[in-house]
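Asker: What follows is a structure written as structure tokens; I'll ask about it next.
Numbering (this note's numbering), first residue to last: 753 to 1340.
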């Protein structure tokens, strides 16, 4: 058959005949050609199919005809060894001639879902797809075969499934590894190409690689998958997982641990609003450690502080014994903490923050539903309308409210002291988020200074600490009993922190300061005390010069920045204006 490249570039009769022959071949021969196909009889080109060059030796003739939905393939007698037949068919197709249907690699990859294909055939076809960088069909088709002949699609990143070269290692222990068919382990170029791609995707593990299994679990947890994708672990599986973490590089261990803690489920419990215990399965990364697994004394643990607070979830104490088995791996507390279990309340970004300006951080409004009134007032005093990067702690709020509702005063004070100790031990974490920027929204965030974080305002506003009379009171209205505060408030003032509580938590100065519980009188209280002294003298009472001098000395220290405690909300200007009203007549 002639081709355009065979034509002579001349006007002699031979060249004209060649062009005529080419035109007749395109228009006449292609449509009239009939080929005798074994078992099918004479067939025209329109009834036949041919495979793309990339599929030679990859798919069978029957598969080509089936994909093309044609009776047969172009027989071998119509194909020359040099491949000129492909050039002829391409020329005829470009000039509206009759040609067989061509099956390309994209078409053939549909065969990967054919369950009667052998594993070796799938490997050849998959390798061809990889060579052409065609991945979509490989990811959507069920072409991977396990050792029992079962067919599977390539596991997704957040799916608890991997393939292994042998049924061993952590993946087998956790029950989500499948032994791959021996054909995929063959010493051929195609099998090696497929294995390399599967390893790169983290779905083919060899040599019982525990780290790869842990990374797969972490991917499941990081994706937030639930339902069928989470793994309920037995005690033995938990021990195997603990031992597997010994092989994880230190640089990855913490991140992988917390993500794995979202992907697995262990035995736990919680309490309902009536205080009734309910056994549940829980992700370690969302649970707290019971007192038995806490490093602190029982009455200083978060579990003791929480009591039967509704909503909080706890791991079962039995894991202390479970994880003692199995050799010299990580201890129970260390391992469960690695998985994200906590011994203190969790902080989280406040979900009420909203976008006010593009390309700027979200802001939490001054007026938040169920937000502390004191926070709103403090922001208003700063002429601020939002706070940035603000945090809340529903667990902390729930526990503090539970303590406030405790009817037994002795237990209430012991639980409150325990919560103090919990906050104190974790203060390095809490102190990173105890203050936030207060801003005004005008074209952009206009800084108005600093204020307490939302979670801290809530804690200050909840009556979970007893005053000196034993009544539940908000921390914001309490102070420590010291010589100075007694001199200002008197020995019987109810605003003092209960003596039992003060004795137990007095060393937690960071927490006391954050809650606004000062060892000094507030500035406005100093001024008020001076005003009382003056009124008493004006009414004919005794002159108390030593008391007045002590109060003025304390005010002077506040004015010149030498004070150590609560200055209150009173500005220096307000203090100076009050001097004209406060100083006893005899001292002017």
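Idealized CB from N, CA, C, for every residue including glycine.
(1) With burial defined as no fewer than 16 other Cβ atoms inside 10 Å of the residue's Cβ, what is the status of residue 1297: buried or exposed?
(2) Helix or strand or just coil, what does DSSP make of residue 1315?
(3) Taking 7 Å as the limit between beta carbons, can you name the residues of its chain near residue 811, skipping five residues before and five after?
(4) In whole angstroms, what is the alpha-carbon distance linking residue 1223 and residue 1158?
(5) I need the straight-line Cα distance from residue 1184 to residue 938, nearest angstrom please.
(6) Which residues share a DSSP beta bridge with residue 1199?
(7) Over what stretch of residues does the alpha helix (DSSP H) that includes residue 925 continue unbroken?
(8) Along the chain, which unbroken stretches of the beta strand (DSSP E) at least 3 residues long are found entirely within the stretch 843–888?
(9) What are the boundary residues of the beta strand (DSSP E) that includes residue 1134?
(10) Count the other CB atoms within 10 Å of the CB of residue 912; is the residue buried (16 or more) or exposed (fewer)?
(11) Near residue 1101, which residues of its chain fall below 7 Å by C-beta distance, leaving aside the five closest residues on each side in sequence?
(12) Give the straight-line distance between the Cα atoms of residue 1086 and residue 1094, rounded to the nearest whole angstrom.
(13) If residue 857 sits next to residue 823, beta carbons under 8 Å apart, how far is it from one beta carbon to the other, in whole angstroms?
(14) Relative to the alpha-carbon of residue 1204, which residue among 1305, 1198 and 1212 has its alpha-carbon at the smallest distance?
(15) Can you tell me where the alpha helix (DSSP H) holding residue 1014 begins and where it ends?
(16) Exposed or buried, what is residue 1025 when buried is set at 16 or more other beta-carbons lying within 10 Å of its beta-carbon?
(17) Please specify which runs of the beta strand (DSSP E), each continuous and at least 3 residues long, are wholly inside the stretch 1100–1167, giving them in chain order.
(18) Would you say residue 972 and residue 1000 are within 7 Å of each other, going by their C-beta atoms?
(19) Can you look up residue 1176 in the DSSP assignment and give me helix, strand or coil?
(20) For the alpha helix (DSSP H) containing residue 1236, name the first residue and the last one.
(21) List the endpoints of the continuous alpha helix (DSSP H) containing residue 801.
(22) Please name the residue or residues paired with residue 1305 in a DSSP beta bridge.
(23) Report the rounded CA-to-CA distance for residue 917 versus residue 930, giving the unit in angstroms.
(24) Would you kindly report the start and end of the unbroken alpha helix (DSSP H) that includes residue 972?
(25) On the DSSP bridge list, what partners appear for residue 1030?
(26) Taking residue 896 as part of the beta strand (DSSP E), name the residues at either end of that continuous run.
(27) If I'm right that residue 1150 touches residue 1064 with Cβ under 8 Å, what's the distance once you round it to whole angstroms?
(28) Rounded to the nearest angstrom, how far is the Cβ of residue 1152 from that of residue 1137, given a contact under 8 Å?
(29) Compare the beta carbon distance of residue 1041 and residue 1012 with 7 Å and say whether it is the shorter of the two.
(30) For a test of the three-state rule: what should DSSP assign to residue 1250, helix, strand or coil?
(31) Could you give the DSSP three-state label for residue 891: helix, strand or coil?
(32) Please state whether the Cβ-Cβ distance between residue 695 and residue 897 is less than 7 Å.
(33) Terminal residues of the continuous alpha helix (DSSP H) containing residue 1209?
(34) Go through its chain and collect everything with a Cβ distance to residue 1234's Cβ below 6 Å, but skip five positions before and after it.
(35) Figure out for me which residue from 914, 1178 and 1292 has the closest Cα to the Cα of residue 1262.
(36) Considering Cα atoms alone, identify which of 819, 1038, 1244 and 1082 is closest to residue 991.
Answerer: Quick answer:
(1) Along the chain shown, read from residue 1 onward, the residue named residue 1297 stands at position 545. Its Cβ having fewer than 16 others within 10 Å, residue 1297 is exposed.
(2) To locate residue 1315, count along the chain shown from 1; it is residue 563. Residue confidence is low: residue 1315 scores 45 on pLDDT, short of 50, so the model does not pin down where it sits. No coordinate-derived value is stated.
(3) Within the chain shown, the letter at position 59 stands for residue 811. 803, 860, 863 and 877, listed in sequence order.
(4) For the purposes of this step, residue 1223 is taken as the residue at position 471 of the chain shown. For the purposes of this step, residue 1158 is taken as the residue at position 406 of the chain shown. Going from the Cα of residue 1223 to the Cα of residue 1158 covers about 11 Å.
(5) Taking the chain shown and counting its residues from 1, one reaches residue 1184 at position 432. Taking the chain shown and counting its residues from 1, one reaches residue 938 at position 186. About 55 Å.
(6) Translated into the one-based positions of the chain shown, residue 1199 becomes position 447. In the DSSP output, where bridge partners are listed per residue, residue 1199 has 1191.
(7) Translated into the one-based positions of the chain shown, residue 925 becomes position 173. 921–926 is the extent of the alpha helix (DSSP H) around residue 925.
(8) 853–855
(9) Counting from one through the chain shown, the residue named residue 1134 turns up at place 382. Neither: residue 1134 is in no beta strand (DSSP E) and is coded neither H nor E.
(10) Your numbering for residue 912 matches position 160 in the chain shown. So residue 912 ends up on the buried side.
(11) Here residue 1101 refers to the residue found at position 349 of the chain shown. Excluding residues within five positions, the ones whose Cβ falls inside 7 Å are 1143.
(12) Taking the first residue of the chain shown as 1, we reach residue 1086 at position 334. Taking the first residue of the chain shown as 1, we reach residue 1094 at position 342. For residue 1086 and residue 1094, the distance between alpha carbons rounds to 11 Å.
(13) To locate residue 857, count along the chain shown from 1; it is residue 105. To locate residue 823, count along the chain shown from 1; it is residue 71. About 22 Å; that fails the 8 Å criterion.
(14) Your numbering for residue 1204 matches position 452 in the chain shown. Checking every option, the nearest Cα to that of residue 1204 belongs to 1212.
(15) Stepping through the chain shown from its first residue, residue 1014 is reached at position 262. Counting along the chain, the alpha helix (DSSP H) containing residue 1014 begins and ends at 1002–1015.
(16) Counting from 1 along the chain shown, the entry for residue 1025 is found at position 273. When all chains shown are included, residue 1025 counts as exposed.
(17) 1115–1117 and 1138–1140
(18) Sequence index remark: in the chain shown, residue 972 carries index 220 (1-based). Sequence index remark: in the chain shown, residue 1000 carries index 248 (1-based). No.
(19) For this step, residue 1176 is matched to residue 424 along the chain shown. Here residue 1176 sits in helix by DSSP.
(20) Walking along the chain shown from the start, residue 1236 turns up at place 484. 1235–1241 is the span of the alpha helix (DSSP H), which, as asked, contains residue 1236.
(21) Within the chain shown, numbered from 1, the residue matching residue 801 stands at position 49. No alpha helix (DSSP H) holds residue 801; the beta strand (DSSP E) holding it covers 800–803.
(22) The sequence position of residue 1305 within the chain shown is 553, counting from 1. Paired residue(s): none; residue 1305 is not in a bridge.
(23) Sequence index remark: in the chain shown, residue 917 carries index 165 (1-based). Sequence index remark: in the chain shown, residue 930 carries index 178 (1-based). In a straight line, the C-alpha of residue 917 is about 9 Å away from that of residue 930.
(24) Walking along the chain shown from the start, residue 972 turns up at place 220. Residues 962–974.
(25) In the chain shown, counting from the first residue as 1, residue 1030 sits at position 278. Answer is 1022.
(26) Against the chain shown, residue 896 aligns to sequence position 144. 894–897 is the span of the beta strand (DSSP E), which, as asked, contains residue 896.
(27) Taking the first residue of the chain shown as 1, we reach residue 1150 at position 398. Taking the first residue of the chain shown as 1, we reach residue 1064 at position 312. Indeed they touch by this definition, with Cβ atoms about 7 Å apart.
(28) Along the chain shown, one-based indexing puts residue 1152 at 400. Along the chain shown, one-based indexing puts residue 1137 at 385. Rounded, the Cβ-Cβ distance is 27 Å, inconsistent with contact.
(29) Looking up residue 1041 in the chain shown gives position 289. Looking up residue 1012 in the chain shown gives position 260. The answer is no: Cβ separation not under 7 Å.
(30) Here residue 1250 refers to the residue found at position 498 of the chain shown. Coil, per DSSP.
(31) Residue 891 sits at position 139 when you count from the first residue of the chain shown. Helix, per DSSP.
(32) The chain is shown from 753 up to 1340; residue 695 falls before or after that span and cannot be answered.
(33) Locating residue 1209 in the chain shown gives position 457, counting from the first residue. That run of the alpha helix (DSSP H) goes 1206–1213.
(34) As a position in the chain shown, residue 1234 is number 482, starting the count at 1. Once the five neighbours on either side are set aside, the close Cβ partners of residue 1234 are 1271.
(35) Your numbering for residue 1262 matches position 510 in the chain shown. Among 914, 1178 and 1292, the Cα nearest to that of residue 1262 is on 1178.
(36) The residue labelled residue 991 in the question sits at position 239 within the chain shown. Cα-wise, what sits closest to residue 991 is 1082.
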